[in-house]
Amino acid sequence: DAGVTQSPTHLIKTRGQQVTLRCSPISGHKSVSWYQQVLGQGPQFIFQYYEKEERGRGNFPDRFSARQFPNYSSELNVNALLLGDSALYLCASSLEDEQFFGPGTRLTVL
Amino acid sequence: GESVGLHLPTLSVQEGDNSIINCAYSNSASDYFIWYKQESGKGPQFIIDIRSNMDKRQGQRVTVLLNKTVKHLSLQIAATQPGDSAVYFCAEVYNQGGKLIFGQGTELSVKP
Chain A
93 DAGVTQSPTH LIKTRGQQVT LRCSPISGHK SVSWYQQVLG QGPQFIFQYY
143 EKEERGRGNF PDRFSARQFP NYSSELNVNA LLLGDSALYL CASSLEDEQF
193 FGPGTRLTVL
Chain B
6 GESVGLHLPT LSVQEGDNSI INCAYSNSAS DYFIWYKQES GKGPQFIIDI
56 RSNMDKRQGQ RVTVLLNKTV KHLSLQIAAT QPGDSAVYFC AEVYNQGGKL
106 IFGQGTELSV KP
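In order, the protein sequences belong to chains A and B. So for the first sequence, this note's numbering puts the first residue at 93; every next one is plus one. So for the second sequence, this note's numbering puts the first residue at 6; every next one is plus one.
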């Protein structure tokens with residue numbers, strides 16, 4: 093069975109640009125969560141979506157937004173990129189309590 | 006505020022020895038905790054979990070201990086192998102599986 097997949101694997105943007113990251117959950121999982129992991133730190137919760145509805149939001153500015161589609165895949169959008177947005181962005185899907193993580197998208201902002 | 010922190014940022018052990026990784030948490034209302042392993046270039050991988058109505062749970066070569074009195078978690082890895090080298094995070098589950106609060110992580114290095 094395929095695990096959580098994310099695309100792209102890596103990308104490089106410049107300050108002020110916008111980025112869209114994509115996530116496909118494990119088949120049958122209806123919940124998707126997004127996390128930001130800065131180098132040397134643990135992941136920080138950004139959003140959780142369940143059945144296309146936002147269920148939770150972390151302490152991130154409004155430049156960060158997300159959505160979930162009818163097939164339960166999800167996109168994370170970040171506008172007006174800052175240097176500090178450089179991080180590994182992780183997506184996790186879950187059926188119940190256990191969250192399964194994808195490999196992440198490495199975003200570098202120059 | 007919310008925080009889950011680790012006592013030791015790095016841990017180096019000899020192959021075959023037992024490893025103990027510690028974690029302190031601050032949210033006494035949490036009732037579910039998870040240990041994750043993260044290898045370089047990969048997402049966190051579930052190792053073992055424990056609910057607050059338990060003080061010990063065992064898996065294959067791993068044991069998690071929970072001390073609610075002092076808000077402390079530990080992960081014990083028996084007979085540590087080179088493949089165990091990774092960063093280990095404890096995470097506190099908030100809002101019934103919605104939000105994970107991670108600590109900074111401990112890097113485990115296993116010497117052959």
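Even glycine gets a Cβ: it sits at the ideal position worked out from N, Cα and C.
Review point. Under a three-way DSSP split, which group does Gly88 (chain B) fall into?
Key: helix
Point to revise | Ranges of the beta strand (DSSP E) found wholly within the segment 114-175 of chain A, counting only runs of at least 3 | key: Correct list: 123-129, 136-142, 145-149, 156-160 and 166-170.
**Study point:** Reference Trp126 (chain A); option with closest CA among A:Val201, A:Leu180 and A:Asp189
**Key:** A:Leu180
Practice item. Assuming His77 (chain B) and Asn27 (chain B) form a contact by the criterion Cβ under 8 Å, report the distance between their Cβ atoms to the nearest whole angstrom. Key: 7 Å
Check your understanding: Do three or more CB pairs link the segment 41-55 of chain B to the segment 182-195 of chain A at distances below 8 Å?
Key -> yes
Check your understanding: Quick check: the segment 164-180 of chain A against the segment 129-140 of chain A, are there 3 or more CB pairs under 8 Å?
Key -> yes
**Study point:** Cβ-based burial, Gly108 (chain B) [other Cβ within 10 Å; buried from 16]
**Key:** The residue is buried, with at least 16 neighbouring Cβ atoms inside 10 Å.
Practice item. Anything in chain A within Cβ reach of Gly21 (chain B), meaning under 7 Å, just list it in chain order. Key: Neighbours of Gly21 (chain B) on chain A: none; closest Cβ ~28 Å, over 7 Å.
Exercise for review: Starting from Gln50 (chain B), follow its DSSP beta bridges and name the residues at the other end.
Suggested key: B:Lys42
Review point. What number of angstroms, rounded off, separates the C-alpha of Phe156 (chain A) from the C-alpha of Lys42 (chain B)?
Key: 27 Å
Practice item. Quick one: residues in its chain with C-beta nearer than 7 Å to the C-beta of Gln19 (chain B), no 5 flanking neighbours on either side, listed in chain order? Key: Lys116, listed in sequence order.
Point to revise | Alpha carbon of Glu146 (chain A) to alpha carbon of Thr111 (chain B), nearest angstrom | key: 31 Å
Review point. At a CB-CB cut-off below 7 Å, which residues of chain A make contact with Lys76 (chain B)?
Key: From the beta-carbon of Lys76 (chain B), no residue of chain A is found nearer than 7 Å; the closest lies around 17 Å away.
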